[in-house]
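Numbering (my numbering), first residue to last: 3 to 233.
Positions of the beta carbon are idealized from the N, C-alpha and C atoms, including for glycine.
None of the values given here were measured: they were computed from a predicted structure.
As structure tokens, this is what we get:
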């Protein structure tokens, strides 16, 4: 079992490990338990009642958090011609085609999200191993392979996040920063869980939302009363 520092152990005393909290109280505890000197992220972990090994039970999608994540996303767009201008006008940080592909092949990674037009994917595919390993490969399911590059850039800048099931059957996602107003964190949490409920696979049987916990980057987890989020 990992050893924790004094601050973590003090913060952990605020939380009853056997209790399940309503979201407002849980968020309050997470904010109180965040003791780092930087503005910690607030993260949600959701365990789902699905089998991650089965393709028809895979849960993956996107959601625009109403109040964003508190992190400024640097967006790179692979496109040509007019689509380059559209992406630039929408606020993309980097736009280009083969020039950017060559730059990335040489080890440049000053971006957080990649968007590509469909006609660029044969070229972008050359970066499959490099981008895929970092979770940066454009994907139609995430809305990052699209001809509507302006909309994609605007949504990412507004707080769109991608969620995906891991091998343990869990979803991990950020919902903001500790400095956020508690009501904004609550709104973002509910937007994420609503999206997960809508994404429930038809093949999933039994209890879908198994448990939900939230924590700050360096703080202990707080378990939520999952029953209040089930549909």
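Item, Value
"Residue 59 classed as buried or exposed, judged by whether at least 16 other C-beta atoms fall within 10 angstroms", "buried"
"Simplified DSSP assignment, three categories, for residue 141", "coil"
"Touching by the beta-carbon criterion (3+ pairs, under 8 Å), the region 80–92 and the region 203–220", "no"
"Inter-residue Cα distance where the pair is residue 126 and residue 179", "33 Å"
"Own chain partners of residue 160 with C-beta closer than 7 Å, once the 5 adjacent residues on each side are dropped", "66, 70"
"For residue 8, the nearest candidate out of 37, 31, 17, 102 (CA to CA)", "37"
"Straight-line Cα distance separating residue 140 from residue 117", "6 Å"
"Residue 63 versus residue 106: straight-line alpha-carbon distance, rounded", "26 Å"
"8 Å Cβ shell around residue 82 - same chain, five flanking residues per side excluded", "99, 119, 121, 122"
"Assigned secondary structure, residue 63 (DSSP; H/G/I helix, E/B strand, else coil)", "strand"
"Three-state secondary structure (DSSP) of residue 215", "strand"
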